[in-house]
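> If you use my numbering, the sequence shown closes out at 766, no skipped numbers anywhere.
Have a look at the structure that comes next, please.
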Amino acid sequence: MIFAINEINKDSSILPNVTLGWRIYDDCGTMDILRAGLALVSGVRHEIPDNNCTDRETVQAILGHSGSTPTIGFAQVVGRFNIPVISHFATCACLTNRNMYPTFYRTIPSDYYQSRAVAKLIKHFGWTWIGVIAVNNYYGLNGVASFARSAREYEICIEYSEAFSSSDPPERLQKIVEVIRQATSRVILAFMSHREIKILAAELYRQNITGLQWVGSDAWITDYSLTDSEGHSILIGSLGFVVTKTHIPGLEDHLRRLHPSQFPDSQFVKDFWEAVFDCSLIHSANADKRPCTGTESLQNVDIDFTDVSELRFVSNVYKSLYAVAHALDDLFKCEEGMGPFHNGSCADTTNIQPSQVLHYLDNVDFTTTEGQRVFFDSNGDLPARYELVNLQTTDTLMEAVTVGVYDASLPESQQFIMNNKSFSVCSKSCLPGTHKVLTKGRPICCYDCIRCPAGEITNTTDSIQCLKCPSEFWSNPHRVVCVPKVVEFLAYTELLGYLLVLFSLMGWFLTILITLIYYCHKETPLVRANNSELSFLLLFCLSLCFLCSLTFIGRPSEWSCMLRHTAFGITFVLCISCVLGKTIVVLMAFRATLPGSNVMKWFGPLQQRLSVFGAALIQVLICILWLTINPPFPYKNMLYYKDRIILECNLGSPIGFWAVLGYIGLLALLCFVLAFLARKLPDNFNEAKFITFSMLIFCAVWITFIPAYVSSPGKFTVAVEIFAILASSYGLLFCIFMPKVFIILFHPEKNTKKHIMGKTQNDIRY
């Protein structure tokens, strides 16, 4: 209303040099409405400070109320003072009585037209046996009475007719529910408001009374609050007539500019603002909320308040304001001697009488910017035009889909037009777990019941479409309830996890056994000749490699995700750096046999230790950066499988993961190249051959690991990584140490200094 008044006041083509004023009474209850009407009749005080305004303080028009019952109450009183009353939502057919309500107008069609439209709808589907329930007030009772007259005309029989209100005792509601349960008709016409239909639907839902086809009145059929009410699923499939949608240019921008500072005394605006932005305004009772900053704005907020896509009854308010404005505009533009009053006189613009405004309202005829013609007939009604809507579910919300139109201004045979929209009424009820699908070659009101696809459910009868389960849930086999998805990870208790643990512990045991054998024979030439210090360090690192594979098994946690990759990266670098050190020692030892060579002093035991730990330190730094910037973390992967959740470790930073692997690969490649160059050294130094074979296996395993790791699904990704760790660890263990263990245990005669030195006379010890 405020938007329309501001728009009119800014428009120079209507009421130029005249400013409309307003006052809003926002108290609820019939008695408060009557008091407001009497206050307006007696004259508004202290609301018109402008001396240029009319001397009379009585209003020229009253807009409202939205309800038929309150309107009936005060329209009779106000009518005695010839003040026009224009309602945007009071549809009771009784208000067309010009003797009782001589000054009443409305911008919404009368229930008389709605009743005839509903009767035509019911006749269209061949429902000749129906029940009727109404709200127990003027709106409901008169609506039913008007429908009953139309029903007789179209040969429709009413099995029962009941009425109740939201204030009735529970026994009354239970009686109506019992009537519905025992009735043979399955079609119910509900002539009531959104309050009563919510109460009735909730009770029917609790008592599991389903399979009903509802036909609703305009007071509730498009009420958005139904979606949040208990038992609203019972109302899905309802049909009803409602006023047509329209578009009001500029209204959305006006609503988005709303700010509490514009209405400092409005409790509604305060409550609304605090609810939208979850903050507390100054002098508000919501002290537990953070204070509002004052910079909050509705410009980028999408809520029902700013949604102007479904303007139906709101547009009636807009029409009401413009009807009054056009009446006043005609009054101000009256030319003396050509006026409608005595002797062609015009109204005194400084002392406008409400009765004069009434005369001009009777003759108002204009077209809105949307092309809708507005004029009042002899009863103060607009021409009736409705949209037929069908309540359907979309993304768990209930939406009114237009499936037809009704225009009372057209010839009888052309008034009711159906669209090719899908809604169902004639087949048997679809059980939970199924949804309705139109049957090819049959009437549009018939359908088949199709089972919901996997991941979707219906838990009510006669569902139009299946509802998708939340992301962490999946449908049960019967498609009637969403159950939590199975969480999958590589566990110790399953066969694959059991085998991997077995091979990990077996590798660790063999490593310890070889370490003990080496330790017991540490003074033998074979152990001493192959750099016993690096050998023991390599065996220790290999034991850690076998054990670190265990961290990949079990339910991922924040710590296990960080530990498994860093432990694997550091231990493998230690292993490769030890092998690299042994390879360099082999090369240096061969150089040391040349006359005058003194290279071993440049790569003695100290340098060997420093090279191993220096190489490992670089990997440690890479891991620290990885864990600091973007570490691995547990992640629920719901994309690979639709019916289960893969609990895995997200790498966090893929760069960190591939940097760790890349550094290991770089050392392995360097070690392989050096060992390959030393492979043809004399047999005295054949450890290079074993290192070459071990590095060949190592590189082959990790090269094949990359495509296998990328393409493996779910928990098998972890299994592939564990397999690569175990395979490369076993390769190092068997290729480097098993030949020497075999000689130590089964050919001790070869474990002599003479045999190792061969023809070389120098006592080389490295």
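Idealized CB from N, CA, C, for every residue including glycine.
Quantities reported herein were computed from a predicted structural model and do not represent experimental measurements.
Measure from the alpha carbon of residue 125 to the alpha carbon of each residue in 186, 140 and 100, then state which is nearest.
The residue with the shortest Cα to Cα distance from residue 125 is 186.
> Could you tell me which of 736, 741, 704 and 675 sits nearest to residue 723, measuring between CA atoms?
Ranking the options by Cα distance to residue 723, first place goes to 704.
> Strictly by DSSP, which residues pair up with residue 311?
Beta-bridge pairing links residue 311 to 246.
> Short of 7 angstroms in beta carbon distance, which residues of its chain neighbour residue 193, apart from the five on each side in sequence? Order them along the chain.
Hits under 7 angstroms: 135, 219 and 220.
> Using CA coordinates, which residue listed in 95, 737, 546 and 72 is at the minimum distance from residue 380?
Among 95, 737, 546 and 72, the Cα nearest to that of residue 380 belongs to 95.
> Taking three-plus beta-carbon pairs below 8 angstroms as touching, is the region 205-214 in contact with the region 142-150?
Touching, no.
> Can you tell me where the beta strand (DSSP E) holding residue 85 begins and where it ends?
Residue 85 -> beta strand (DSSP E) spans 85-87.
> Helix, strand or coil for residue 468? Go by DSSP, reduced to three states.
Three-state DSSP puts residue 468 in a strand.
> For residue 500, does the count of other Cβ atoms within 10 angstroms reach 16, so buried, or fall short, so exposed?
Residue 500 is buried by the Cβ-count criterion.
> In or out: residue 86 buried (at least 16 other Cβ within 10 Å) or exposed?
It counts as buried.
> Restricting to Cα atoms, I'd like to know which of 405, 621, 615 and 655 is closest to residue 666.
Checked all of 405, 621, 615 and 655; the closest Cα to residue 666 is 615.
> Count the C-beta pairs between the region 334-345 and the region 274-283 that are closer than 8 angstroms, then say yes if the count reaches three, no if not.
Flag = no, the region 334-345 and the region 274-283 do not touch.
> At 3 residues or longer, and completely inside the region 202-271: list those beta strand (DSSP E) runs for me, N to C.
Complete beta strand (DSSP E) runs here, min 3: 213-216 and 239-243.
> Give me the residue from 371, 475, 437 and 733 with the minimum Cα distance to residue 578.
When each option's Cα is compared against that of residue 578, the closest is 733.
> Please return the same chain residues whose Cβ sits closer than 6 angstroms to the Cβ of residue 324, not counting the five positions on each side in sequence.
Taken in chain order, the residues that qualify are 61.
> Can you check which of these residues, 547, 397 and 190, is closest to residue 143 by C-alpha distance?
Out of 547, 397 and 190, 190 has the C-alpha closest to the C-alpha of residue 143.
> Who are the near neighbours of residue 545 in its chain, counting only those whose CB is closer than 7 angstroms to its CB and skipping five residues on each side?
Here the set comprises 571, 572, 575, 725 and 729.
> Give me the residue from 252, 468 and 359 with the minimum Cα distance to residue 394.
Among 252, 468 and 359, the Cα nearest to that of residue 394 is on 468.
> Would you decide whether residue 559 is buried or exposed? Buried here means 16 or more other CB atoms lie within 10 Å of its CB.
Residue 559 should be labelled exposed.
> The alpha helix (DSSP H) spanning residue 783 covers which residue range?
There is simply no residue 783 to check, as the chain begins at 1 and stops at 766 in what is shown.
> Just checking, does the region 457-464 make contact with the region 473-490 on the three C-beta pairs under 8 angstroms criterion?
Taking 8 angstroms as the limit for Cβ pairs, the verdict is that the region 473-490 does touch the region 457-464.
> Please state if the CB of residue 102 and the CB of residue 73 are separated by a distance shorter than 8 angstroms.
Against a cut-off of 8 angstroms, the Cβ pair of residue 102 and residue 73 comes out as no contact.
> Taking the DSSP output, what are the residues bridged to residue 291?
280, per the DSSP bridge assignment.
> In three-state DSSP terms, what is residue 415?
Of the three classes helix, strand and coil, the one that applies to residue 415 here is coil, per DSSP.
> Please confirm whether residue 119 and residue 141 have their CB atoms less than 8 angstroms apart.
Not in contact: residue 119 and residue 141 (Cβ atoms no closer than 8 angstroms).
> My assumption, with CB atoms under 8 angstroms, is that residue 375 sits in contact with residue 322. Please give the rounded CB distance.
Not really, about 12 angstroms apart at Cβ, beyond 8 angstroms.
> Just mark residue 316 as buried or exposed, buried being the case when its beta carbon has 16 or more other beta carbons within 10 Å.
By the 10 Å Cβ count, residue 316 comes out buried.
> Within the continuous beta strand (DSSP E) that includes residue 366, where are the two ends?
Per DSSP, residue 366 belongs to the beta strand (DSSP E) from 365-367.
> Can you list, in chain order, the residues of its chain with a C-beta nearer than 7 angstroms to that of residue 551? Leave out the 5 residues immediately preceding and following it.
Within the same chain, residue 551 has close Cβ partners 560, 563, 564 and 567.
> Please look up how many angstroms separate the CB atoms of residue 736 and residue 691, rounded, as I've assumed it's under 8 angstroms.
So it is a contact: roughly 6 angstroms between Cβ atoms.
> Tell me, please, whether the region 484-497 touches the region 694-708 by the rule of three or more beta-carbon pairs shorter than 8 angstroms.
No: the two stretches stay apart, fewer than three of their Cβ pairs being nearer than 8 angstroms.
> Taking residue 132 as the reference, which of 166, 188 and 156 has the closest Cα?
Checked all of 166, 188 and 156; the closest Cα to residue 132 is 188.
> With a 10 Å radius around its C-beta and 16 neighbouring C-beta atoms as the bar for buried, classify residue 415 as buried or exposed.
Looking at its Cβ environment, which holds 16 or more other Cβ atoms inside 10 Å, residue 415 is buried.
> How about the region 109-118 and the region 169-188: do they share at least three Cβ pairs that are nearer than 8 angstroms?
They do not touch, by the three-pair rule.
> DSSP state of residue 636, grouped into three classes?
If DSSP states are grouped into helix, strand and coil, residue 636 belongs with the strands.
> Around the C-beta of residue 106, are 16 or more other C-beta atoms found within 10 angstroms, so that it is buried, or is it exposed?
Answer is buried; the Cβ neighbour count reaches 16.
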